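Report on one structure; see the data block that follows.
2 protein chains.
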Amino acid sequence: MSQDAGGETRSEGDLRNTGMSLRHDREWDYELDRIVDAVEERGAETVGLQFPEGLKRRGPAVADDLRELTEDVTFLLSGQPCYGACDLDTYLMRRTDVFVHFGHSPMKESDKIIYVPLFSNVDPFPMMEESLAELPDPEPESGDGERPAVGLVTTAQHMNLFPDMVDWLEERGFDVRTRRGDDRLTHEGQVLGCNYASADIDADHVLYVGGGKFHPLGLAMEHPEKKVTIADPVNNVVTVADTEQFMKQRYASVHKAMDAETWGVVFCTKIGQGRWETAQEIVAENENAYLITMDEVTPDRLRNFGFDAFVNTGCPRITTDDGPQFHKPMLTPGEYEIAVGNEPLESLEFDTFHGTW
Amino acid sequence: MSQDAGGETRSEGDLRNTGMSLRHDREWDYELDRIVDAVEERGAETVGLQFPEGLKRRGPAVADDLRELTEDVTFLLSGQPCYGACDLDTYLMRRTDVFVHFGHSPMKESDKIIYVPLFSNVDPFPMMEESLAELPDPEPESGDGERPAVGLVTTAQHMNLFPDMVDWLEERGFDVRTRRGDDRLTHEGQVLGCNYASADIDADHVLYVGGGKFHPLGLAMEHPEKKVTIADPVNNVVTVADTEQFMKQRYASVHKAMDAETWGVVFCTKIGQGRWETAQEIVAENENAYLITMDEVTPDRLRNFGFDAFVNTGCPRITTDDGPQFHKPMLTPGEYEIAVGNEPLESLEFDTFHGTW
Numbered sequence: 006m007s008q009d010a011g012g013e014t015r016s017e018g019d020l021r022n023t024g025m026s027l028r029h030d031r032e033w034d035y036e037l038d039r040i041v042d043a044v045e046e047r048g049a050e051t052v053g054l055q056f057p058e059g060l061k062r063r064g065p066a067v068a069d070d071l072r073e074l075t076e077d078v079t080f081l082l083s084g085q086p087c088y089g090a091c092d093l094d095t096y097l098m099r100r101t102d103v104f105v106h107f108g109h110s111p112m113k114e115s116d117k118i119i120y121v122p123l124f125s126n127v128d129p130f131p132m133m134e135e136s137l138a139e140l141p142d143p144e145p146e147s148g149d150g151e152r153p154a155v156g157l158v159t160t161a162q163h164m165n166l167f168p169d170m171v172d173w174l175e176e177r178g179f180d181v182r183t184r185r186g187d188d189r190l191t192h193e194g195q196v197l198g199c200n201y202a203s204a205d206i207d208a209d210h211v212l213y214v215g216g217g218k219f220h221p222l223g224l225a226m227e228h229p230e231k232k233v234t235i236a237d238p239v240n241n242v243v244t245v246a247d248t249e250q251f252m253k254q255r256y257a258s259v260h261k262a263m264d265a266e267t268w269g270v271v272f273c274t275k276i277g278q279g280r281w282e283t284a285q286e287i288v289a290e291n292e293n294a295y296l297i298t299m300d301e302v303t304p305d306r307l308r309n310f311g312f313d314a315f316v317n318t319g320c321p322r323i324t325t326d327d328g329p330q331f332h333k334p335m336l337t338p339g340e341y342e343i344a345v346g347n348e349p350l351e352s353l354e355f356d357t358f359h360g361t362w
Numbered sequence: 006m007s008q009d010a011g012g013e014t015r016s017e018g019d020l021r022n023t024g025m026s027l028r029h030d031r032e033w034d035y036e037l038d039r040i041v042d043a044v045e046e047r048g049a050e051t052v053g054l055q056f057p058e059g060l061k062r063r064g065p066a067v068a069d070d071l072r073e074l075t076e077d078v079t080f081l082l083s084g085q086p087c088y089g090a091c092d093l094d095t096y097l098m099r100r101t102d103v104f105v106h107f108g109h110s111p112m113k114e115s116d117k118i119i120y121v122p123l124f125s126n127v128d129p130f131p132m133m134e135e136s137l138a139e140l141p142d143p144e145p146e147s148g149d150g151e152r153p154a155v156g157l158v159t160t161a162q163h164m165n166l167f168p169d170m171v172d173w174l175e176e177r178g179f180d181v182r183t184r185r186g187d188d189r190l191t192h193e194g195q196v197l198g199c200n201y202a203s204a205d206i207d208a209d210h211v212l213y214v215g216g217g218k219f220h221p222l223g224l225a226m227e228h229p230e231k232k233v234t235i236a237d238p239v240n241n242v243v244t245v246a247d248t249e250q251f252m253k254q255r256y257a258s259v260h261k262a263m264d265a266e267t268w269g270v271v272f273c274t275k276i277g278q279g280r281w282e283t284a285q286e287i288v289a290e291n292e293n294a295y296l297i298t299m300d301e302v303t304p305d306r307l308r309n310f311g312f313d314a315f316v317n318t319g320c321p322r323i324t325t326d327d328g329p330q331f332h333k334p335m336l337t338p339g340e341y342e343i344a345v346g347n348e349p350l351e352s353l354e355f356d357t358f359h360g361t362w
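Have a look at this one:
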């Protein structure tokens with residue numbers, strides 16, 4: 006559930022308004038030349054194409070263009086749901102000569118995979134201009150001359166303009182703090198739905214530039230001490246991330262799960278979403294906990310098991326955003342430790358995902 | 006979608022009343038000794054357990070029993086949907102030392118897989134007695150002394166009583182015709198949701214003994230010239246299969262699809278549901294047809310693609326039973342040939358699946 010290009014999230018509530026499902030005709034650069042080069046170099050007979058949900062509709066046209074540029078190649082569109090670079094269609098990857106993953110930056114480079122990031126052509130600066138009202142004043146009347154520190158983050162779609170955004174803020178008197186996160190993040194300043202290590206910077210304010218609230222809400226949950234301002238050039242709106250509703254839901258789920266006698270512990274089989282040791286440790290220490298393996302973690306699939314509560318060691322966003330849709334409490338690994346009494350309630354924090362695979 | 010033990014089908018209409026979702030406490034023999042022997046022989050550290058949908062709820066108790074009989078073994082429950090022996094959780098199979106598949110008879114034997122069939126303990130004979138009213142009279146007043154021919158079929162759950170059923174009918178004066186189907190079927194007289202080769206017998210009447218209408222409706226669609234009587238000992242009812250509603254739906258879908266300009270051709274990646282050549286041939290001959298690969302073929306997944314119609318080369322029952330739930334016409338490969346004008350409308354027949362993998 007990370008930086009989808011045009012990807013729709015399946016959540017109710019705030020996150021539906023991510024602007025990711027906008028249908029206005031953005032044009033993307035599918036980097037067909039790079040794909041055709043790889044086909045020719047490898048003498049490929051089969052090519053797999055994987056798009057995030059919101060861009061699957063573009064798949065046939067991209068396949069058409071590629072057919073015209075190649076000969077005797079069979080193109081296969083992945084029909085598996087896709088929510089991030091953590092979510093490669095490994096079946097298709099193994100069975101095609103060239104495999105192209107669109108819309109996400111690489112989580113892990115591989116000769117087998119061509120990543121096409123799909124940079125947005127939307128202009129971020131008008132909304133950044135508007136966001137200044139939420140940032141500290143660079144030239145206060147009673148100023149000490151120090152420039153105010155502001156963190157800057159964005160998603161894969163806007164990475165190509167990140168240096169310009171930094172310059173733009175610096176020119177307006179800010180001390181812009183940025184960093185690259187851990188291995189899971191390709192670029193400096195990049196955030197994923199499950200990883201905000203790029204916002205581990207010394208600044209009380211963070212400006213998020215990008216479409217929707219999915220990423221900045223995660224960022225604000227991970228860094229509750231920071232004010233997170235959203236400059237959204239896709240929906241043309243500036244807001245401040247408010248996590249109150251989500252935090253209430255988390256506490257409610259933890260409280261409900263405190264009565265659970267039996268636990269289903271979900272190990273996600275998606276290539277970049279597996280935390281085997283975490284899952285294994287829970288089961289080793291709790292005789293009423295049982296391991297369940299699956300790729301898509303959905304309410305339907307878990308309803309068939311008669312457990313009182315679940316722990317999801319896969320994508321944290323399934324838990325925080327889709328959690329209320331499950332028939333039983335669904336917790337993150339950290340929340341589970343609270344529910345069974347191993348940790349105090351005050352230790353509740355956002356679940357993040359580190360490393361690759 | 007084949008012989009689920011207790012599996013619920015997801016279809017609307019007649020097929021919901023399959024009796025497969027009954028919650029009365031049937032007891033099954035999980036053959037724990039056979040599993041424990043395999044664990045010990047192989048020194049297994051991990052064991053995967055896969056149940057059909059309706060029996061997933063029993064998984065934790067089976068895991069508990071196995072934990073008591075073994076030491077230092079981690080048991081993993083498959084959370085993937087499962088509708089048949091065609092639908093093995095290959096991820097779990099590859100990553101566990103012993104893999105147990107419950108509720109279906111083997112489609113293909115393998116050292117890696119322990120199949121536990123789960124025979125029903127329900128008594129079929131009272132309903133068979135009642136079904137005699139629908140079968141030809143063995144002793145008509147104007148008889149020629151010849152015994153009337155009746156085919157007999159059942160599902161994996163009742164295979165253990167199949168010889169007794171044959172005897173029972175023979176004793177009542179019938180010439181019972183049975184056969185084993187092709188490689189896809191383990192036992193003589195066994196049917197799957199996608200394969201009725203065991204009913205290719207010289208008899209105008211076929212008696213189906215088993216729960217629900219899922220299998221006998223498929224059988225009646227595959228053999229429209231035969232009268233198919235259903236002796237259902239799970240729901241305690243005798244009926245005659247009536248395919249009219251389904252056939253109307255099939256013709257309606259084919260007619261709607263005749264206007265389609267673009268086609269999505271689904272290749273199913275489940276181990277026993279792939280028809281690669283069929284899918285590949287369609288795409289090779291129609292430049293407006295595009296290959297899509299996926300495991301679960303669902304309306305949600307196909308909605309993201311902008312095609313006018315779909316061809317499903319995977320499980321035929323998704324097409325015939327769930328077809329109306331898709332937003333665009335969903336056809337079998339044979340129906341596709343009619344819709345694009347390669348074959349006459351009269352050639353419409355039930356789609357079946359042969360061989361293993």
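Chains A and Y, in that order, are what the protein sequence lines are.
Be aware that the first sequence starts at 6, since it is given in this note's numbering, and climbs by one per residue.
Be aware that the second sequence starts at 6, since it is given in this note's numbering, and climbs by one per residue.
Built from N, CA and C at the ideal position, the CB exists for glycine as well.
Just so we're clear, the structure is a prediction, and the values are computed from it rather than from any experiment.
For A:Lys253, the enclosing alpha helix (DSSP H) has its first and last residue at 249 to 262. If you check the CB distance, A:Met226 and A:Ala344 do not come in under 8 Å. The region 119 to 139 of chain A makes contact with the region 231 to 250 of chain A; the number of CB pairs closer than 8 Å reaches 3 or more.
One alpha carbon belongs to A:Tyr295, the other to Y:Leu97, and they sit about 15 Å apart. For chain A, the residues of the region 38 to 59 of chain Y that bring a beta carbon within less than 9 Å of one of its beta carbons are Gly53, Phe56, Glu58, Gly59, in chain order. Between A:Asp187 and A:Ala202, the C-beta gap is smaller than 8 Å, which places the two residues in contact. The shortest C-alpha to C-alpha distance from A:Gln55 to any of A:Thr357, A:Gly64, A:Gly48 is the one to A:Gly64. Each of Y:Glu146, Y:Val127, Y:Asp149 was checked against the Cα of Y:Phe167, and the nearest Cα belongs to Y:Val127. Beyond the five residues adjoining it in sequence on each side, Y:Glu354 comes within less than 7 Å, by CB distance, of Gly339 in the same chain, given in chain order. Residue ranges of uninterrupted alpha helix (DSSP H) with 4 or more members, entirely inside the region 82 to 108 of chain A and ordered along the chain, are 95 to 99. Short of 7 Å from the beta carbon of A:Arg184, and not among the five residues preceding or following it, lie these beta carbons of its own chain, in chain order: Glu193, Ser203, Asp205, Ile206.
CA-to-CA, the gap between A:Thr191 and A:His332 works out to about 36 Å.
One thing to note: Y:Ala284 has its Cβ within 8 Å of the Cβ of Y:Val270. For Y:Gly311, the chain A residues whose Cβ falls inside 8 Å of its Cβ are Arg62, Pro65, in order along the chain. Sequence-distant Cβ neighbours of Y:Gly277 in its own chain, meaning closer than 6 Å and more than five residues away, are Cys91, Met112, Trp362. For the region 274 to 285 of chain A, the beta-carbon criterion of a distance under 8 Å to any beta-carbon of chain Y is satisfied by Thr274, Gln285. Short of 8 Å from the beta carbon of Y:Trp268, and not among the five residues preceding or following it, lie these beta carbons of its own chain, in chain order: Ile287, Asn291, Asn293, Ala294, Tyr295, Phe312, Asp313, Ala314, Phe315, Val316, Tyr341. DSSP places A:Arg152 outside any alpha helix (DSSP H), giving it a letter other than H or E. Taking a 10 Å sphere around the C-beta of A:Lys253, we find fewer than 16 other C-beta atoms and assign the residue as exposed. Near chain A, meaning a CB-to-CB distance below 9 Å, the residues of the region 69 to 84 of chain Y are Asp69, Arg72, Thr79, Phe80, Leu81, Leu82, Ser83, Gly84. The residues Ala49, Val103, Ile119, in chain order, have a CB closer than 8 Å to that of A:Ala43 in the same chain once the five nearest residues on each side in sequence are set aside.
In chain order, Thr234, Val243, Val245 place their CB closer than 7 Å to the CB of Y:Glu139, counting only its own chain and leaving out the 5 sequence neighbours on each side. Scanning its chain for C-beta atoms nearer than 8 Å, with the 5 sequence neighbours on each side dropped, one finds around A:Asp70 the residues Tyr35, Leu37, in chain order. By the criterion of a C-beta distance shorter than 7 Å, Y:Arg280 is surrounded in its chain by Thr318, once the five residues flanking it on both sides are discounted. Note on geometry: alpha-carbon atoms of Y:Arg177 and Y:Pro141 lie some 11 Å from one another. Under the 8 Å criterion on CB atoms, A:Arg99 is classed as non-interfacial with respect to chain Y.
Judged by DSSP in its simplified three-state form, Y:Trp362 adopts coil rather than helix or strand. Assignment of beta-bridge partners to A:Tyr295 by DSSP yields A:Gly269. With the criterion set as a beta carbon lying under 8 Å from some beta carbon of chain A, the region 159 to 179 of chain Y has no members that meet it. In the DSSP assignment, the residues bridged to Y:Val211 are Y:Gly156, Y:Val233. Rounded to whole angstroms, A:Gln330 and A:Val259 show a C-alpha spacing of 15 Å. Put simply, the backbone Cα of A:Ser83 is about 13 Å away from that of A:Val67. For the region 109 to 135 of chain Y, no residue has a beta-carbon sitting nearer than 9 Å to a beta-carbon of chain A. Look at Y:Asn165 here: in three-state DSSP terms it is helix. Within chain Y, the residues placing a beta-carbon under 8 Å from that of A:Val271 are Gly84, ordered along the chain.
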